[in-house]
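Numbering (mature numbering (1 follows the signal peptide of the UniProt record, and there is no 0)), first residue to last: -19 to -1, 1 to 519.
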Amino acid sequence: MMMVVQLVCGLALLPWVMSLDEGRVVRMGLKRALPLRRRLDSAANATTALFLKNEVPLGVGAGTHYAELYMGLPPQKASVIVDTGSHLTALPCASCPNCGTHTDPPYDIAKSSTARFMQCDEFDGCSSCEQDQCRISQSYAEGSMWSALLINELCWVGPLDASGESNATSSMAAAGVRFPIGCQTKETGLFIGQKENGIMGLSQDRNTFMAYLVSAKRVDRNLFSLCFAENGGQMVLGGADESVHVAAPVYTPLLTASGWFTVELLDISVGNKSLGIAPATYNHGRGVIVDSGTTDSFFPSSAASAFNAAFTELSGGHEFLDNVEDLLTDDALRQLPPIVLTLRGPTRSSMITLQIPATQYYTKVSEDGHYTSSFHFSEPSGSGVLGASTMLNYNVIFDMEGRRIGFAPARCDANSRALLFGPSVASGPLLLPPINSFWYQYETLLTVLVACSFMGVVLLCLTFLLRRKCSAKTRWVRLSTSDHSPSPRPIALNAMDVSPELFESGDGSPMTPPTPPSPQRRLSRSPDLHSIPESDSE
């Protein structure tokens, strides 16, 4: 009887558990949500989720993408944003009083036969403990936050057999993976009004759904791919669907083995005109991360003036408007120059380029031709975010085994028209343009100031030591025994050059030299150290 049940479950799962390379992968379609500009305040860690077959958009324009998460027996469904910029998975609980109304009903732990609250010693990221129950929380840069009790639940991301509750339960029992999720008791900001129930972190972390899939051997490889289209897309866990590729992928190495997916941005160009800014400007601080949970893309504010000048020149005088609606016809939009991102290639002497067309860095907000930009030069810290506006129409391959990220122009949904003016990629030897201006780079100026300050401290110390050494060699001598001779004055002589007779008085007795100034007084009178206070002991 058990073999029959396993066979039925296997047949039920067969249509949506498929392999692209004779291995085990999970493929699902993605839905699109309304635009969000949400980024974490603190470091994040995550990996993967699975795909839905249905591709019904909830909004128009550049938005976040979400999948369906099933939890418990009998299964309860929740829509969750696919977010490579965070690592925690959380959604509203039925007990949350002000968690907003979302696409699916809130998760009810009382209806699940497989859920249990996790104790504090079972999870290393608890923000607090309540009666030995682990509580987690997360805050975001734009002000949103949530707080949740952590539960251990049987979970699956992707389609389940919807022909009946018993079939869905059998499928969940056969394929589900026990996984820690946050049962939200509080949410604020964008989380209250969003259509999706929750968020699923997909960065590099051991507490993500992808990591649990690999540990449970549900997939063969620690790799997943996201293919975002305007009206949906797909996600594959454990592989990448090469059949959607328009060109072969190009790869850039990951700079970190955990946390965010950090890459090295070497240059930004408008068309064929480089901004001429040092790579250190783009990769300062946290660096540049690939973040599917952020709708737009963000770059350092120090590059804004160079970008605006290059854009105006290459667009025939059209000014780039950031956070301001721009009126454009379809033809005028397509005539605008692409934004080209140059990333580090597989080797230190190579590079890859991602060409982003105007149809991706501008988002249509009304049918009368009004657009807003989805690329912003506004980061004060010098770091950057390659958000969904960069990832759109690429199959982005997050290869944690190979410690690299791949970008392949792709047909991420059935509408191939999007690729008529879509993105492109290239690779080759590293050739960076010269920097526009030495003093334009504030990092360079800061480096010079730090170096000068260090040299100043070194010279000050050497001066101090030299003066101490000289004072130790000072001798008081009588220049003449005449009654009309001037008062003795100090001269610095080497002890080897001074005759003992010089230290004798007229009657042959030793002469006692005057007491020299104290070292502290010498310091206090020095023009370089005039701020040092004198001793209070006098």
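C-beta: ideal position from N, C-alpha, C; glycine also.
Per DSSP, which one or two residues make a beta bridge with residue i?
| i | result |
| --- | --- |
| residue 230 | Residue 230 pairs with nothing; no bridge assigned. |
| residue 360 | 281 |
| residue 168 | 127 |
| residue 58 | 51 |
| residue 439 | DSSP, once it has assigned bridges, lists no residue as partnering residue 439. |
| residue 342 | Its beta-bridge partners do not exist; DSSP assigns none. |
| residue 353 | 344 |
| residue 385 | 234, 380 |
| residue 287 | None; residue 287 has no bridge partner. |
| residue 159 | 135 |
| residue 307 | 352 |
Pull up the CB-CB distance for residue i and residue j, whole angstroms please, since I reckon it's below 8 angstroms.
| i | j | result |
| --- | --- | --- |
| residue 177 | residue 62 | 5 angstroms |
| residue 191 | residue 218 | 6 angstroms |
| residue 221 | residue 378 | 5 angstroms |
| residue 250 | residue 346 | The Cβ separation is near 26 angstroms, so there is no contact. |
| residue 273 | residue 324 | No, residue 273 and residue 324 are not in contact; Cβ-Cβ is about 17 angstroms, not under 8 angstroms. |
| residue 343 | residue 314 | 6 angstroms |
| residue 128 | residue 166 | 6 angstroms |
| residue 51 | residue 72 | With 8 angstroms as the limit, residue 51 and residue 72 do not qualify as a contact, their Cβ atoms being about 12 angstroms apart. |
| residue 366 | residue 237 | Their Cβ separation, rounded to whole angstroms, is 15 angstroms, which puts residue 366 and residue 237 out of contact at 8 angstroms. |
| residue 204 | residue 380 | 5 angstroms |
| residue 362 | residue 266 | 4 angstroms |
Is the beta carbon of residue i less than 7 angstroms from the beta carbon of residue j?
| i | j | result |
| --- | --- | --- |
| residue 279 | residue 360 | yes |
| residue 295 | residue 318 | yes |
| residue 68 | residue 186 | yes |
| residue 131 | residue 157 | no |
| residue 242 | residue 444 | no |
| residue 258 | residue 284 | yes |
| residue 271 | residue 388 | no |
| residue 529 | residue 225 | Beyond the ends of the chain as shown, which are -19 and 519, falls residue 529; an answer cannot be given. |
| residue 98 | residue 114 | yes |
| residue 228 | residue 394 | no |
| residue 357 | residue 277 | yes |
| residue 281 | residue 262 | yes |
| residue 78 | residue 153 | no |
| residue 330 | residue 411 | yes |
| residue 308 | residue 287 | no |
| residue 108 | residue 118 | yes |
| residue 404 | residue 333 | no |
| residue 70 | residue 162 | yes |
| residue 85 | residue 59 | yes |
| residue 353 | residue 306 | yes |
What do you get for residue i, buried or exposed, if any count of 16 or more other CB atoms within 10 angstroms of its CB means buried?
| i | result |
| --- | --- |
| residue 80 | buried |
| residue 436 | exposed |
| residue 124 | exposed |
| residue 147 | exposed |
| residue 28 | Here the model assigns residue 28 a pLDDT of 31, short of 50, so the residue's position is not dependable and the matter cannot be decided. |
| residue 215 | buried |
| residue 160 | buried |
| residue 245 | buried |
| residue 440 | exposed |
| residue 463 | Summary for residue 463: the model assigns pLDDT 49, below 50, so the residue's position carries little reliability; its value from the coordinates is reported in the next sentence. Label assigned to residue 463: exposed. |
| residue 418 | Its pLDDT being 47, under 50, residue 418 is placed unreliably in this model, and the value from its coordinates should be taken loosely. When all chains shown are included, residue 418 counts as exposed. |
| residue 433 | exposed |
| residue 407 | exposed |
| residue 370 | buried |
| residue 311 | exposed |
| residue 316 | exposed |
| residue 83 | buried |
| residue 112 | exposed |
| residue 496 | Unreliable positioning characterises residue 496 in this predicted model, as indicated by a pLDDT of 41, which lies under 50. The coordinate reading is nonetheless provided below. Per the 10 Å Cβ criterion, exposed. |
| residue 233 | buried |
| residue 35 | With a pLDDT of 26 at residue 35, under the threshold of 50, the modelled position of this residue cannot be trusted, and the question is left open. |
| residue 409 | exposed |
| residue 197 | exposed |
| residue 446 | exposed |
| residue 264 | buried |
| residue 384 | exposed |
| residue 138 | buried |
| residue 438 | exposed |
| residue 253 | exposed |
| residue 164 | buried |
Unbroken stretches of the beta strand (DSSP E), 3 residues or longer, contained in the segment 81 to 144: Counting only runs of 3+ residues, the beta strand (DSSP E) found wholly inside the segment 81 to 144 occupies 109 to 111, 114 to 120, 126 to 138, in chain order.
Runs of alpha helix (DSSP H) wholly within the segment 254 to 284 (minimum 4 residues, chain order): List check, alpha helix (DSSP H) in window: 260 to 263.
Contiguous alpha helix (DSSP H) assignments of at least 4 residues, all confined to the segment 169 to 205: DSSP runs (the alpha helix (DSSP H)) wholly in the segment 169 to 205: 171 to 174, 190 to 196.
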